[in-house]
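Presented below is the structure to which this report refers.
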Amino acid sequence: MLEFKEIFPVLYAHLPSFVRSVFALGLGEECYLERLLKKIADKSAELNFPPYLVDLARLEFAIYQLGSDEDLSVSAELTEIIVNPQLQLLKSEWSGLPAVIAGKALAEDLKVNSEGEFILLFRHPQSRKIVVRKATERDLLALKIMAEELPLERVAQAGSVALGVVEQVIREGVSNGILLSPPSLIRRSPAAIFSRDKDCDNDFLSSNFFTLQWHVTQKCDLNCRHCYDRSDRQPLLLAQGLRILDELSSFCRAHFVRGQVSFSGGNPLLYPDFMVLYEAAVERGLQVAILGNPTDRKTLEKLLAIKAPVFYQISLEGLSEHNDYMRGSGHFEKALAFLDLLQDVGIYSMVMLTLTRANHDQVLPLAEVLRGRVDLFTFNRLAMVGEGASLYSVEPQKYRDFLEQYLAAAEHNPVISLKDNLFNIVKEEQAQPWSGGCAGYGCGAAFNFLSLLPDGEVHACRKLPSLLGNIFSEGLSEIYHSALAERYRQGSSACRDCQIRPVCGGCPAVVYGFGLDVFKDKDPYCFYASAAS
């Protein structure tokens, strides 16, 4: 015999004690809910039951049934986004039932809803907790799109909204658990990076984001001494740019990842149609970021009128004197004023430094200057490529000490961020959790990151010659899945026996700058003693 109080705890609590026995007696397991509802109907006039009792009973019984089901974990087997198989959509004539179930309202507070109210009941695929809540219009739209297999483009057109708005509805559905998505298809195979069988946490081998670092123009208002590329390339046509955004959006949907465009250059703001491209990227549901130079408030307000970038990154190369030697007279003060402006308008700010032999002792003092002035500060090691070939890298034998000092400073300065993969050597030795850089764990080249130049050339990484193809002739998906791109994803064969390979792999651009083979040689800065254990 089922216990009434266990199945209907809220209903039981809201009934007078003399009525409870009416429901508790004579209810067998078969057709339990139907028997209960019949008993309510039979006794309603006699006992003057409140009219919401039927809906409350139906909801509680559905919760009981869901709680009795075994956990359902199907996302790893999926090939497309689907409605959560455990989801129920219940219609109630009353508003507020979920709040009553949660103990946040009294049943007496329920109000009749003339149009009815839909209630979502499901088990969340990640937390495995049962969720009971009112369905929003966006929930219902997501369910309708999936259940009726409606093309997202058609839904956007019918609603006179941007495609990105509809894609966001689907992402929200996946995030809140009413929809289930296959895992990201942007992932490394353990066999491709290890020379022997080895277990590895999938979090280190996959990415939920894919970033296209798009150099929309070669034009720049600076003349930095370490610039990687000053070549003159064919300018990007606006029509080409819009097709690229469509292709990137489709690529990310097909691989079940969130897409990001990091607009760069040169200075991307010098591209004549930059605002058009920026808005088009937003309309397609892509995250947008800017890697550029300081600009004025009017330009930032134009960006904000479209949508704030996820971040705006500028570069500094040390304290005032050295920075201005590298980037031009007056740049340091102009950069600091611009960071204050970003803070004033509410745009997330980042500062990147290129680490060289000449400025490594200025990094931590600069971090103190930036404390409270920037949201994130980090560095890249110099790749001795292009103009950077005339500069000197930090001495490899001094690099470990530098990383340890930087890590120690990061504990006390919240703006300091970790990007270099080699930080994980120190963390491994100190038994600390591994960290990921700006592209996630390990090198993102040709993995969850590609670099696109104005003439359509696609490179695994902008900081070294790593041509994979041309997007205008081959297409993004074909390039990404090419044998050459896979070689870059695998990294150097010298790292294949390393215990921390999934979260490291060194920096191919640094390897190339030292005249070594990115597919065979180890990062010259690597100091991991257990690399072959």
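Numbering follows the numbering used here, with no gaps: position 525 of the sequence shown is 525.
We treat Cβ as the ideally placed atom computed from N, Cα and C, and that holds for glycine.
As the structure is a prediction and not an experimental result, all values here were calculated from the model.
For this session: Using the Cα positions of Leu59 and Leu140, report the straight-line distance between them to the nearest angstrom.
Result: Here residue 59 corresponds to residue number 59 of the sequence shown, with the count starting at 1. Here residue 140 corresponds to residue number 140 of the sequence shown, with the count starting at 1. If you take the alpha carbons of Leu59 and Leu140, they lie about 19 angstroms apart.
Exercise. Taking Cβ positions, are Tyr441 and Val518 nearer each other than 7 angstroms?
Worked result: Counting from 1 along the sequence shown, the entry for residue 441 is found at position 441. Counting from 1 along the sequence shown, the entry for residue 518 is found at position 518. No, these two residues do not count as a Cβ contact at 7 angstroms.
Exercise. When burial is assigned at 16 or more other CB atoms within 10 Å of the CB, is Gly103 buried or exposed?
Worked result: The residue you call residue 103 lines up with position 103 of the sequence shown. Counting Cβ neighbours within 10 Å, Gly103 comes out exposed, since fewer than 16 surround it.
Problem set entry | Cut-off 6 angstroms between Cβ atoms - residues of its own chain near Ser466, not counting five sequence neighbours on either side | As a first step, residue 466 must be located in the sequence shown, where it is residue number 466. Around Ser466: His459 and Ala460.
Exercise. How big is the Cα-Cα spacing for Arg357 and Leu222?
Worked result: Here residue 357 is taken as the residue at index 357 of the sequence shown, counted from 1. Here residue 222 is taken as the residue at index 222 of the sequence shown, counted from 1. Using only the alpha carbons, I get a separation of about 22 angstroms.
Exercise. According to DSSP, is Met146 helix, strand or coil?
Worked result: Counted from its first residue, the sequence shown places residue 146 at position 146. Helix, per DSSP.
Problem set entry | DSSP three-state assignment for Phe445, whether helix, strand or coil | Residue mapping note: residue 445 aligns to position 445 of the sequence shown, counting from 1. Note on residue identity: the sequence assigns Ala, not Phe, to residue 445. Strand, per DSSP.
Exercise. If you drop the 5 nearest sequence neighbours on each side, which residues of the same chain put their C-beta closer than 6 angstroms to that of Ile82?
Worked result: As a first step, residue 82 must be located in the sequence shown, where it is residue number 82. Excluding sequence neighbours, Ile82 sits near Leu180.
Problem set entry | the segment 378 to 390 touching the segment 347 to 357, judged by at least three CB pairs closer than 8 angstroms | yes
Exercise. Between Ser95 and the rest of its own chain, which residues show a CB-CB distance below 6 angstroms, the 5 nearest in sequence each way excluded?
Worked result: The residue labelled residue 95 in the question sits at position 95 within the sequence shown. The answer, listed in chain order, is Lys111, Asn113 and Glu117.
Exercise. Near Phe472, what residues of its chain come up, given a Cβ to Cβ distance below 6 angstroms and the 5 sequence neighbours on each side ignored?
Worked result: Working through the sequence shown from its first residue, we reach residue 472 at position 472. Around Phe472: Gly456.
Exercise. Mapping DSSP to helix, strand and coil, what is Thr217?
Worked result: As a working note, residue 217 is residue 217 in the sequence shown. Here Thr217 sits in coil by DSSP.
For this session: Could you say if the segment 300 to 313 and the segment 247 to 258 meet the contact criterion of at least three C-beta pairs nearer than 8 angstroms?
Result: no
Problem set entry | Euclidean distance between Cα positions of Leu516 and Ala383 | The residue labelled residue 516 in the question sits at position 516 within the sequence shown. The residue labelled residue 383 in the question sits at position 383 within the sequence shown. Taking the straight line from one Cα to the other gives about 12 angstroms.
Exercise. Taking the continuous alpha helix (DSSP H) assigned at Thr299, which residues delimit it?
Worked result: Residue numbering aside, residue 299 sits at position 299 when the sequence shown is read from its first letter. Arg297 to Ile306 is the extent of the alpha helix (DSSP H) around Thr299.
Problem set entry | Residue range of the unbroken beta strand (DSSP E) whose run includes Leu355 | Here the question's residue 355 lines up with position 355 in the sequence shown. Its beta strand (DSSP E) spans residues Ser349 to Leu355.
Exercise. Of all the beta strand (DSSP E) runs that stay within the bounds of the segment 348 to 421, which reach a length of 3 or more residues?
Worked result: 349 to 355 and 376 to 381
Exercise. Apart from the five residues just before and just after Leu33, which ones in its own chain have a Cβ nearer than 6 angstroms to its Cβ?
Worked result: On the sequence shown, position 33 is the one that residue 33 refers to. For Leu33, where only same-chain residues beyond five positions count, the Cβ hits under 6 angstroms are Phe61.
Exercise. If we ignore side chains and look at the alpha-carbon of each, how far apart do Tyr64 and Val10 end up?
Worked result: Position 64 of the sequence shown, counting from 1, holds the residue named residue 64. Position 10 of the sequence shown, counting from 1, holds the residue named residue 10. Cα to Cα, Tyr64 sits roughly 12 angstroms from Val10.
Exercise. Mind checking whether Gly292 and Asn267 have CB atoms under 7 angstroms apart?
Worked result: Looking up residue 292 in the sequence shown gives position 292. Looking up residue 267 in the sequence shown gives position 267. Yes, they are a contact pair.
Exercise. Can the beta-carbon of His226 be found closer than 7 angstroms to that of Thr354?
Worked result: Stepping through the sequence shown from its first residue, residue 226 is reached at position 226. Stepping through the sequence shown from its first residue, residue 354 is reached at position 354. Result yes, Cβ atoms of His226 and Thr354 sit closer than 7 angstroms.
Exercise. Between the C-alpha atoms of Ser533 and Arg496, what's the straight-line distance to the nearest angstrom?
Worked result: Here residue 533 refers to the residue found at position 533 when the sequence shown is read from its first residue. Here residue 496 refers to the residue found at position 496 when the sequence shown is read from its first residue. Any reading at Ser533 needs caution, since the residue's pLDDT is 40, under 50, leaving its predicted position unreliable; the model's value is listed next. Rounded to whole angstroms, Ser533 to Arg496 spans 11 angstroms at the Cα level.
For this session: List the DSSP bridge partners of Ser206.
Result: For this step, residue 206 is matched to residue 206 along the sequence shown. Note: Ser206 sits in a beta bridge opposite Arg187.
Exercise. Bridge partners of Ser92, per DSSP?
Worked result: Translated into positions along the sequence shown, residue 92 becomes position 92. In DSSP, Ser92 forms a bridge with Glu117.
Exercise. So, are the CB atoms of Ile186 and Val257 less than 7 angstroms apart?
Worked result: Residue numbering aside, residue 186 sits at position 186 when the sequence shown is read from its first letter. Residue numbering aside, residue 257 sits at position 257 when the sequence shown is read from its first letter. Yes.
Exercise. What residue does the alpha helix (DSSP H) around Lys5 start on, and which one ends it?
Worked result: Here residue 5 is taken as the residue at index 5 of the sequence shown, counted from 1. Residues Phe4 to Ile7.
Problem set entry | Minimum C-alpha distance to Cys507 - residue among Ser492, Gln499 and Ile500 | In the sequence shown, the residue the question calls residue 507 occupies position 507. Cys507 has its Cα closest to that of Ser492, out of Ser492, Gln499 and Ile500.
For this session: Could you check the C-alpha separation between Cys220 and Pro294 for me, to the nearest Å?
Result: In the sequence shown, residue 220 corresponds to position 220, counting from 1. In the sequence shown, residue 294 corresponds to position 294, counting from 1. C-alpha separation (whole angstroms): 12 angstroms.
Problem set entry | Close Cβ partners of Ala281 (< 6 angstroms) along its chain, the five nearest in sequence each way excluded | Position 281 of the sequence shown, counted from the start, is the residue given in the question as residue 281. Answer for Ala281: Leu245, Val261 and Val288, listed in chain order.
Exercise. Ordered along the chain, which non-local residues of its own chain (more than five positions away) have a Cβ less than 7 angstroms from that of Asp69?
Worked result: Counting from one through the sequence shown, the residue named residue 69 turns up at place 69. Gln86.
Exercise. By how many angstroms is the C-alpha of Leu143 removed from the C-alpha of Glu172?
Worked result: By 1-based counting over the sequence shown, the position of residue 172 is 172. By 1-based counting over the sequence shown, the position of residue 143 is 143. So the two alpha carbons sit approximately 11 angstroms from each other.
For this session: Under the assumption that Glu167 contacts Gly285 (Cβ atoms under 8 angstroms), give the Cβ distance between them as a whole number of angstroms.
Result: Position 167 of the sequence shown, counted from the first residue, corresponds to residue 167. Position 285 of the sequence shown, counted from the first residue, corresponds to residue 285. About 4 angstroms separates the two Cβ atoms, so the contact holds.
For this session: Could you give the DSSP three-state label for Ala531: helix, strand or coil?
Result: Numbered from its first residue, the sequence shown carries residue 531 at position 531. Since pLDDT at Ala531 reaches only 47, below the 50 mark, its modelled position is unreliable, and the value read off the structure follows with that caveat. Coil.
Exercise. To which residues does DSSP link His481 through a beta bridge?
Worked result: Stepping through the sequence shown from its first residue, residue 481 is reached at position 481. According to DSSP, which records beta bridges pairwise, His481 is partnered with nothing at all.
Exercise. Per the contact definition of three or more C-beta pairs closer than 8 angstroms, is the segment 302 to 320 in contact with the segment 202 to 211?
Worked result: no
Problem set entry | C-alpha gap between Glu149 and Phe311, whole angstroms | The residue labelled residue 149 in the question sits at position 149 within the sequence shown. The residue labelled residue 311 in the question sits at position 311 within the sequence shown. Each residue's Cα considered, the two are about 35 angstroms apart.
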